[in-house]
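Here's the structure, in structure tokens; my notes come after.
Protein chains: 2
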Amino acid sequence: MKFFEKLENITKCPVSYVLALQDTLNAFHGKWKMPIIGTLLFGKKRFKEIEREVRKITPRMLSQELKDLEVNGIVTRTVYNTTPVTVEYELTPSGRELHLVMESMITWGLQHRQTNIMENLPALNMPKQRALEI
Amino acid sequence: MKFFEKLENITKCPVSYVLALQDTLNAFHGKWKMPIIGTLLFGKKRFKEIEREVRKITPRMLSQELKDLEVNGIVTRTVYNTTPVTVEYELTPSGRELHLVMESMITWGLQHRQTNIMENLPALNMPKQRALEI
DNA sequence: AATACCACTATACTTAAGTATACTGATATA
DNA sequence: TATATCAGTATACTTAAGTATAGTGGTATT
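Chains L and A, in that order, give the protein sequences. Residue numbers for the first sequence follow the working numbering, so the first one is 673 and each next one is one higher. Residue numbers for the second sequence follow the working numbering, so the first one is 673 and each next one is one higher.
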């Protein structure tokens, strides 16, 4: 699929594409969604498991972000009435498909570092808050 | 390239991939980078042109974000000593390659809306600050 | 009897990100 | 003479995002 194939001929991209971009950015929005999705790509997990694997996240943030991901159709939440309760979080089929986006990001990132390594990428300025220790 | 092909067999992704993901997220970080990159995909532009096309951006934000993109090797800044000065911003080759990432985002976003339209995607909760009127 | 586990929530706080408004100085146009 | 344009910068402010710390109730372990 080549969305920008005839880029010279157009000046705007269709509204549906802008919405699609928005939804995808939204899926990864904030400091913690990417590591959470990343860890869930390796299989469904319980709350405490995610908390342990996504280092330095607080339960407040984890809870909030999981809720976000749930209402956005990216993870499902299943409660088992064991004692104490177990709650499992799992990526939806749509959520699992995010790995394709992540792969294209990894591809770009690797290439970008390669082509810029000679120059000044030590000067890469990162936003202050970004975790991402998958 | 299938990074997660044997996902069952691994529990972590390599550090270089995490850095690559970080760089890519960084390229799009904040409310304004995506629309700026988006508009520059249609060709190089002057400061005021971008300011007009990326609606509601303030010169302060535009200046700041363009600087970010420049030090990160995504745009170049060229000054012509006309009167008054003209300054042109253009995507680097690496910057232009971001369209591939954007395409994969659009693909995912479109699919995600399709598979979730029956359910509750009116409930899609967006972050407060997001512009994206490309 | 005291402590630990689970999956969170509550409150208060700090830091980051974005906005509003005004201004620069040299030149061009009305 | 007054106003507009270019590419921004300066200062002060508001809003969003993230952190720190403590606590919930029910069960299980030491």
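Just so it is clear, CB atoms sit at the ideal spot from N, CA and C, and this is done for glycine as well. None of the values given here were measured: they were computed from a predicted structure.
Cβ-Cβ distance between residue i and residue j below 8 Å
i: residue 691 of chain L; j: residue 781 of chain A; result: yes
i: residue 708 of chain A; j: residue 722 of chain A; result: yes
i: residue 762 of chain L; j: residue 747 of chain L; result: yes
i: residue 706 of chain A; j: residue 770 of chain L; result: no
i: residue 807 of chain A; j: residue 785 of chain L; result: Residue coverage of chain A in this structure runs from 673 to 806, which leaves residue 807 of chain A outside it and unanswerable.
i: residue 766 of chain A; j: residue 788 of chain L; result: yes
i: residue 760 of chain A; j: residue 716 of chain A; result: yes
Chain L residues whose Cβ lies nearer than 9 Å to that of residue i
i: residue 785 of chain A; result: 688, 691, 692 and 695
i: residue 733 of chain A; result: None at all; the shortest Cβ gap to chain L is about 14 Å.
Beta-carbon neighbours of residue i, restricted to chain A and to distances below 7 Å
i: residue 774 of chain L; result: 693
i: residue 778 of chain L; result: 675, 689, 692 and 693
Inter-residue Cα distance where the pair is residue i and residue j
i: residue 726 of chain L; j: residue 719 of chain L; result: 11 Å
i: residue 776 of chain L; j: residue 712 of chain L; result: 18 Å
i: residue 778 of chain L; j: residue 798 of chain L; result: 17 Å
i: residue 737 of chain A; j: residue 685 of chain A; result: 30 Å
i: residue 697 of chain L; j: residue 755 of chain A; result: 40 Å
i: residue 783 of chain A; j: residue 735 of chain L; result: 26 Å
Same chain, Cβ closer than 7 Å to residue i, five either side skipped, listed in chain order
i: residue 733 of chain A; result: 704
i: residue 758 of chain A; result: 718 and 752
i: residue 729 of chain L; result: 704 and 723
i: residue 764 of chain A; result: 745, 746, 747 and 748
i: residue 731 of chain L; result: 723
Within chain L, the residues that residue i reaches when beta carbons sit closer than 7 Å
i: residue 769 of chain A; result: 780 and 783
Closer than 9 Å at the beta carbon, the chain A residues around residue i
i: residue 766 of chain L; result: 780, 783, 784, 787 and 788
i: residue 756 of chain L; result: In chain order: nothing, as chain A lies at least about 25 Å away.
Chain-ordered neighbours of residue i on chain A, where CB pairs are closer than 8 Å
i: residue 700 of chain L; result: 697
Residues of its chain near residue i, where Cβ-Cβ distance is below 8 Å and the 5 sequence neighbours each way are ignored
i: residue 768 of chain L; result: 713
Requested in this report: Report yes or no: do three or more beta-carbon pairs, one from the stretch 695-714 of chain A and one from the stretch 750-760 of chain A, lie closer than 8 Å?
Outcome: Here the stretch 695-714 of chain A does not lie against the stretch 750-760 of chain A, with fewer than 3 beta-carbon pairs under 8 Å apart.
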